[in-house]
Ligand code: ARG
């Protein structure tokens, strides 16, 4: 090796010159994979300890390596480590720094390839990232349950086709969001479980001839079955270095979460418009216009809605990257990390923003009451009332349709039509028909599981509190 010969000591043996400056710049990943440093060091220490157990490293050699790695990690964490682009990635930067201080570290990469090393680092990363997402989601859900609790008595129209449909409570609407996030929790748990398999020992593609102990490193790194405590290992060395399912699953979980966050955001943006005016948003999470002094824009929600596009894009990028790659490792796979890191940081940020903002959303009771007083929201309840008097539902639906048409023609609200007109359309009705247009009655009659009746809402709030305290 002439050019860059010293730097590329890890693989430079068969080359007559080092990579060009342009190639070094093109091929580097350290600018983004340096965030894996602590997982890389953790993996290297476990690997070195195992090499010591099988006699490839002496005890003092291991201690020197362990001490050296810990020192380097400290330096990295305090920002004093000098990363070098020409050393390509996080693995080679750390290894090079280590060997320059601890010459015996030249033995560290025994029975290991960067292919199983990166697979390991990323699995450790996914376990960490999933647990971060899980705690962030749990805190968000707690805030939303509190917000629902505070707004049990606020009634609003529920919408289908963005047309007024049936009345619900703000609590019921907010608890619908909680349900979505609970499914996200399940997805991150699934992803965490999938990541909990140790690939170390798979080498570049076909393992190693050296007498390594894979069970030992897997246990030391926490890749154990949560029930039995037994170490969990990948079963095929080729698949272990080629597999990127965790990447897809994590990016998918983030993308679905992004879609949920975008729908919540859209609800809030609509509620916050002057046309709806159901909510007031906190100043801390809104911004003004540089031109129009009266504006208070729901930027935090718009940005969340926008960032979901990025999360979907990251998933698409990963699908395109992995599709049709021949077995096993290909350098293309270096491109698998930026989308995952981006999805993680952006999804986490969105969840944190909503968590801080949600408790400060204020429902404007007067505006909500005005909107929900539209008697047409209870047209379906009137059809149900006819059904209870023996009218087949299809017929009852038609009758109420005729009543709605009449109310439009007479420009009289449906609940203020006279009895005679109603009896003419539905002979089975009696004077009690008007009681249908009482919101209290409407909610009291919706007490089956999952419905917006007040007792149901109390129960659901209590269930979520218990669930969030125990299970998630
Ligand atoms: N930086 C590389 C990556 O992220 C590590 C694995 C490199 N392996 C190799 N054979 N060049 O994919």
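Residue numbers (this note's numbering): 13 to 484. Just so you know, even glycine gets a beta-carbon here, dropped at the ideal spot from N, CA and C.
- According to the DSSP assignment, residue 343 belongs to no alpha helix (DSSP H), since it is labelled neither H nor E.
- In this structure, residue 337 sits away from residue 348, with a CB-CB distance that is not shorter than 8 Å.
- By the Cβ neighbour-count rule, residue 405 is exposed, with fewer than 16 other Cβ atoms within 10 Å of its own.
- By the CB criterion at 8 Å, residue 142 and residue 204 fall inside the cutoff.
- Here residue 170 carries a strand assignment [DSSP, helix/strand/coil].
- Every unbroken stretch of the alpha helix (DSSP H) spanning 4 or more residues and falling wholly within the stretch 256–342 is given here in chain order: 257–284 and 311–334.
- Taking one beta carbon from each stretch, the stretch 54–61 and the stretch 126–143 have 3 or more pairs nearer than 8 Å; the two touch.
- Taken through DSSP and simplified to helix, strand or coil, residue 244 comes out as coil.
- Secondary structure remark: continuous alpha helix (DSSP H) runs of at least 4 residues inside the stretch 92–166, in chain order: 102–113 and 126–162.
- The stretch 461–473 makes contact with the stretch 176–195; the number of CB pairs closer than 8 Å reaches 3 or more.
- Closest option to residue 229, judged by alpha-carbon separation, among 296, 157, 252 and 63: 63.
- Closer than 7 Å to some heavy atom of the ligand ARG: that describes the Cβ of residue 101.
- Per the DSSP secondary-structure output, residue 176 pairs in a beta bridge with 171.
- At a threshold of 7 Å, residue 345 counts as near the ligand ARG, since its beta carbon sits closer than that to one of the ligand's heavy atoms.
- Contact between residue 208 and residue 244 holds: CB atoms are separated by about 6 Å, below the 8 Å threshold.
- Look at residue 78 here: in three-state DSSP terms it is helix.
- Contact between the stretch 155–169 and the stretch 435–447 is absent, with fewer than three C-beta pairs closer than 8 Å.
- A buried status is given to residue 210, since no fewer than 16 other beta-carbon atoms sit within 10 Å of its beta-carbon.
- The alpha carbon of residue 252 has as its nearest neighbour, out of 270, 298 and 342, the alpha carbon of 342.
- Here residue 416 is not near residue 408, since their CB atoms are 8 Å or more apart.
- Going by beta carbons, residue 294 and residue 372 fall inside the 8 Å limit.
- Taking the Cβ of residue 217 as the reference point, every heavy atom of the ligand ARG lies at 7 Å or farther away.
- Closest in alpha carbon position to residue 450, among 42, 242, 170 and 393, is 393.
- At the C-beta level, residue 389 and residue 148 stay beyond 8 Å of one another.
- The ligand ARG has no heavy atom closer than 7 Å to the beta-carbon of residue 106.
- Relative to the ligand ARG, residue 248 has its C-beta separated by 7 Å or more from all heavy atoms.
- Short note on residue 130: C-beta closer than 7 Å to some heavy atom of the ligand ARG.
- Within the same chain, 180, 181, 184, 455 and 458 come within 7 Å of residue 464 by CB-CB distance, once the 5 residues on both sides are set aside.
- According to the DSSP assignment, residue 186 belongs to the alpha helix (DSSP H) that extends over 182–207.
- Exclusion of residue 302 from the 7 Å shell around the ligand ARG follows from its C-beta lying no nearer than that to any non-hydrogen atom of the ligand.
- Note that the stretch 44–54 touches the stretch 84–95; at least 3 beta-carbon pairs, one per stretch, sit closer than 8 Å.
- Setting aside the 5 residues that flank it on each side, residue 334 is surrounded in the same chain by 256, each with a C-beta closer than 6 Å to its C-beta; the list follows chain order.
- For residue 216, there is no enclosing alpha helix (DSSP H), as DSSP marks it with neither H nor E.
- Excluding five sequence positions before and after residue 281, the CB atoms of its chain that fall closer than 8 Å to its own CB belong to 310, 313, 314 and 317, given in chain order.
- Judged by beta-carbon spacing, residue 264 lies beyond the 8 Å limit of residue 375, meaning their Cβ atoms are not closer than that value.
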